[in-house]
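Chains Z and E are the protein sequences, given in the same order.
Under this note's numbering, the letters of the first sequence match residues -6 to 219, in that order.
Under this note's numbering, the letters of the second sequence match residues -6 to 219, in that order.
Where a beta carbon is used, it is the ideal one built from N, C-alpha and C, also for glycine.
Just below is one structure, and these are the notes that go with it.
There are 2 protein chains.
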Amino acid sequence: MKPKLLEIRQGVLSKNDRLAQELRARFAAAGVFVINLVSSPGSGKTTLLEITLSQLRARGHAAAALVGDLATENDARRLARSGAPIRQIVTDGICHLEAAMVASHLEGWDLTALDFLFVENVGNLVCPASYDLGESMRVVLLAVTEGEDKPLKYPTMFHSADLVLLTKMDLAQATEFDREQAYAAIHAVSPGVPVVETAAKKGRIDGWLAILEERAGVKATPVPGD
Amino acid sequence: MKPKLLEIRQGVLSKNDRLAQELRARFAAAGVFVINLVSSPGSGKTTLLEITLSQLRARGHAAAALVGDLATENDARRLARSGAPIRQIVTDGICHLEAAMVASHLEGWDLTALDFLFVENVGNLVCPASYDLGESMRVVLLAVTEGEDKPLKYPTMFHSADLVLLTKMDLAQATEFDREQAYAAIHAVSPGVPVVETAAKKGRIDGWLAILEERAGVKATPVPGD
């Protein structure tokens, strides 16, 4: 990488950081807890989000989501079935979301009416690591199908995680997943980071929902008949 | 993205293209067939490469590999067990390999002695798409565990593929993989691109080996007792 490119890139990053701080203040004032979901392509972000949105709704919480992709609006269509407000951010080839993209897609939404706002980043274990989106919590997903060594190979991303979700746990046996080795790799790059295991396709996300409610400081008030 | 950043990035790219053309001429003169392997993190590039190197050796071919990662030399150590010459390229946070990195890691290697040179790119479905490495063939891996929609969501990468490998086919049933939907997505962004199915962990890579030998114009001459 050339020094000049690096210098300009740092300028873009610090502009992003300033904007992310403004977003963070805005989210705090509105009382909305914001989650930035990052992972490789295919780690199960959208499947997790789909069930999370409907479960949160059933527990009496208001949630919305922004979903980032290089191309297609498929995820937004898929998530809209949950009944939650959803907007798609198409990055048109850019490998990460930026604070400005989040800000421009919030227009017209009443943030004070929300308990949770999820931001599903572009599937990429490198680029999104450097871009603060003003989130309250950054969550990195690692599917058991990807191999236990990924945290060691993508340390910046895992180091920046506030929480790691081990996803697709229902495939652990079929993939000969080594749980101990995965935890060791995660904690080697991010000592003490909490790890929660999920199997969203099988509906097993209880630990994740509990952490969301605890961190956001909200309690479940189940909606009758939902 | 700012116009100035874009302009400088284009400069870096065209410098890369020139260097890639030089590499391509050098590979052709040496008679070595070069494969650029790209995919998401965890699609099985290293596992495929491990068995490919030993199978090619058993079929009488000389092969070597360069392996790119943001951090760690684990893959080089793992692949060295195949007996093939291996070098690790640590990109130190950069999300793709560049032609200059390939060139600088070839020093001292006699390319004329090789039939195949594999370049395992950084696990990333976005950044490596724009960087020509002088390869003879670009191969994009898609694991059945990642979901059938990935070609639609990462069209630039799949569009640039000379060949798509569907990997981890042994997990197709456990993941409820929809073969027809996956082929439709691949061919929507890259009409007519050949697709080969593999299960490297189970030793099923015959179609892949046949394509390598056909494209490189070499024939198997099994090594007795290997």
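Subject >> Assigned secondary structure, G210/E (DSSP; H/G/I helix, E/B strand, else coil) >> reply: coil
**OP:** Determine the closest residue to G53/E out of V83/E, G61/E, A106/E, I87/E, with distance taken between C-alpha atoms.
**Re:** A106/E
**OP:** Please list, in chain order, all residues of the same chain as V115/E whose beta carbon is under 7 Å from its beta carbon, the five residues on each side excluded.
**Re:** G61, D62, L63, T84, C88, H89, L90, P121
Original post:
I204/Z and V189/Z: beta carbons closer than 8 Å?
Top reply: yes
**OP:** Report the three-state DSSP secondary structure of V157/E (helix, strand or coil).
**Re:** strand
Subject >> Spatially closest choice to I179/E from L135/E, R197/E, K212/E, K161/E, by CA coordinates >> reply: L135/E
Original post:
Does the segment 4 to 14 of chain Z come close enough to the segment 10 to 21 of chain E to have 3 or more Cβ pairs within less than 8 Å?
Top reply: no
Original post:
Using the beta-carbon of each residue, which ones in chain Z are nearer than 7 Å to D142/E?
Top reply: N67
**OP:** Would you mind listing the beta strand (DSSP E) stretches within the segment 103 to 179 of chain E that are 3+ residues and don't spill past its ends, in chain order?
**Re:** 109 to 113, 130 to 136, 156 to 160
Original post:
What residue does the beta strand (DSSP E) around A57/Z start on, and which one ends it?
Top reply: 56 to 62
**OP:** Let me know if P215/Z comes out buried or exposed under the rule of 16 or more other beta-carbons within 10 Å of its beta-carbon.
**Re:** exposed
Original post:
Between the Cα of D68/E and the Cα atoms of Y124/E, E43/E, T149/E, which residue gives the shortest distance?
Top reply: E43/E
**OP:** Starting from the beta carbon of E139/Z, find every residue of chain E whose beta carbon is closer than 7 Å, and list them in chain order.
**Re:** P34, G35
Original post:
What residues in the segment 39 to 73 of chain Z have a beta carbon less than 7 Å from any beta carbon of chain E?
Top reply: D62, L63, A64, T65, N67
Original post:
Beta-carbon of G196/Z versus every beta-carbon of chain E: anything under 8 Å?
Top reply: no
Subject >> Contact list for P148/E against chain Z, beta-carbon separation under 8 Å >> reply: L63, A64
Subject >> Buried or exposed by the 16-neighbour rule on C-beta atoms within 10 Å, applied to P34/Z >> reply: buried
**OP:** Could you list which residues in chain E have their beta carbon closer than 9 Å to that of N9/Z, in chain order?
**Re:** Neighbours of N9/Z on chain E: none; closest Cβ ~12 Å, over 9 Å.
**OP:** Report yes or no: is there a C-beta of chain Z within less than 8 Å of the C-beta of M(-6)/E?
**Re:** Per-residue confidence for M(-6)/E stands at a pLDDT of 45, beneath the threshold of 50, marking its modelled position as unreliable; the derived number appears in the next sentence. Output row for M(-6)/E: interface = yes.
Original post:
Using the beta-carbon count (16 or more within 10 Å), is Q3/Z buried or exposed?
Top reply: exposed
Original post:
Is A181/Z helix, strand or coil by DSSP?
Top reply: helix
Subject >> Close beta carbons around V132/E, own chain, < 8 Å, minus the five adjacent residues each side >> reply: I28, N29, L30, V31, A154, D155, L156, V157, L158
Original post:
Would you say L99/Z faces chain E, with C-beta separation under 8 Å as the test?
Top reply: no
Subject >> Nearest residue (CA-CA) to V112/E, options K146/E, L41/E, A181/E >> reply: L41/E
Subject >> Cα-Cα separation, H152/E to S36/E >> reply: 18 Å
**OP:** Using three-state DSSP, classify M(-6)/E as helix, strand or coil.
**Re:** Reliability of the predicted coordinates at M(-6)/E is poor, the pLDDT of 45 falling under 50, and no value is obtained from them.
**OP:** State yes or no: is the C-beta of L110/Z within less than 8 Å of the C-beta of A57/Z?
**Re:** yes
Original post:
With burial defined as no fewer than 16 other Cβ atoms inside 10 Å of the residue's Cβ, what is the status of S97/Z: buried or exposed?
Top reply: exposed
**OP:** Please check the pair L164/Z and V137/Z, which I expect to be a contact at CB under 8 Å, by giving their CB distance rounded to whole angstroms.
**Re:** 6 Å
Original post:
How long is the line joining the alpha carbons of L49/E and A181/E, rounded to whole angstroms?
Top reply: 32 Å
Subject >> Simplified DSSP state of I79/Z, which is helix, strand or coil >> reply: strand
**OP:** Identify the contact partners of A136/E in chain Z, using a Cβ-Cβ distance below 9 Å as the criterion.
**Re:** G35, T138, E139
**OP:** Rank V186/Z, P184/Z, E141/Z by C-alpha distance to the C-alpha of E169/Z and give the top, closest one.
**Re:** E141/Z
Original post:
Does the beta-carbon of K(-5)/Z have 16 or more other beta-carbons within 10 angstroms, so that it is buried, or is it exposed?
Top reply: Only weak support is given to the placement of K(-5)/Z: the predicted model assigns it a pLDDT of 47, under 50, and the question is left unresolved by the model.
**OP:** Using a Cβ-Cβ cut-off of 8 Å, state whether T168/Z counts as contacting chain E.
**Re:** yes
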